[in-house]
Amino acid sequence: MHHPENDPKYLGLNVNKGVVQPPSINPYLHLRKKQQRKEYSVKEFAEGILAGNITVLSQAVTLVESSKPEHQAMAQAIIEKCLPYSGNAIRVGITGVPGAGKSTSIDAFGMYLVEKGHKLAVLAIDPSSERTKGSILGDKTRM
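This is the structure in structure tokens:
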């Protein structure tokens, strides 16, 4: 059978042979070990937080936020272990209607404190959450 790609008058036409469709799932996927999150003890959590390990701190915040009883007990123990190291920590509460500039104020004040060499943590909570009645926000103000 005569095809245009074989016709000498169509010299600019080049047809390549097709390729076999690759599998939709990586055939070597089963060789990878599933990475599991390290389970920390209360002592390891406290040591990690005090050492400034942000990964450990973020997992501790997740525990504090959890509604599971076993998480709440561990979270309380972590808080009790870290509390003596809070020193002269200052806690500030900021409230206001939507659009009042709370996030902007937190950002500006937070940057000022960091520039002065202070450590800062921001915990933003939305008390209007119908489901949780106080969910921790994961937006730009969570540090």
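Quick note: the sequence shown uses this note's numbering, first residue 410, plus one each step.
Each residue gets a CB set at the ideal place from its N, CA and C atoms; glycine is no exception.
Keep in mind that this is a model prediction, so the values were computed, not measured.
Where residue i falls, given that 16 or more other Cβ within 10 Å makes a residue buried
i: D548; result: Interpretation of D548 is limited by its pLDDT of 49, a score under 50 that renders its predicted location unreliable; no figure is taken from the coordinates.
i: V506; result: exposed
i: M392; result: The shown model of the chain, from 410 to 552, leaves out residue 392, and the question about it has no answer.
i: V428; result: exposed
i: V465; result: buried
i: I487; result: buried
Three-state secondary structure (DSSP) of residue i
i: I534; result: strand
i: L383; result: In the structure as shown, the chain starts at 410 and stops at 552, and residue 383 therefore has no counterpart that could be examined.
i: Y419; result: coil
i: Y437; result: coil
Continuous alpha helix (DSSP H) stretch holding residue i: start and end
i: V451; result: V451 to L459
i: Q468; result: I463 to E474
i: S514; result: K511 to E524
i: P478; result: P478 to C491
CA-to-CA distance, residue j to residue i, given in whole angstroms
i: V451; j: P431; result: 47 angstroms
i: G502; j: S475; result: 22 angstroms
i: V473; j: Q481; result: 6 angstroms
i: I534; j: S512; result: 12 angstroms
i: A455; j: G508; result: 37 angstroms
i: K447; j: N462; result: 14 angstroms
i: Q485; j: K528; result: 22 angstroms
i: M483; j: L532; result: 19 angstroms
i: P478; j: A460; result: 27 angstroms
i: A436; j: K426; result: Residue identity check: residue 436 is Pro in the sequence provided, not Ala. Taking the straight line joining both Cα atoms gives about 24 angstroms.
i: H439; j: E453; result: 32 angstroms
i: A517; j: E489; result: 31 angstroms
**Prompt:** Can you find at least 3 beta carbon pairs, one from the stretch 480 to 495 and one from the stretch 520 to 535, that sit closer than 8 angstroms?
**Reply:** Contact between the stretch 480 to 495 and the stretch 520 to 535 is not established, with fewer than three Cβ pairs separated by less than 8 angstroms.
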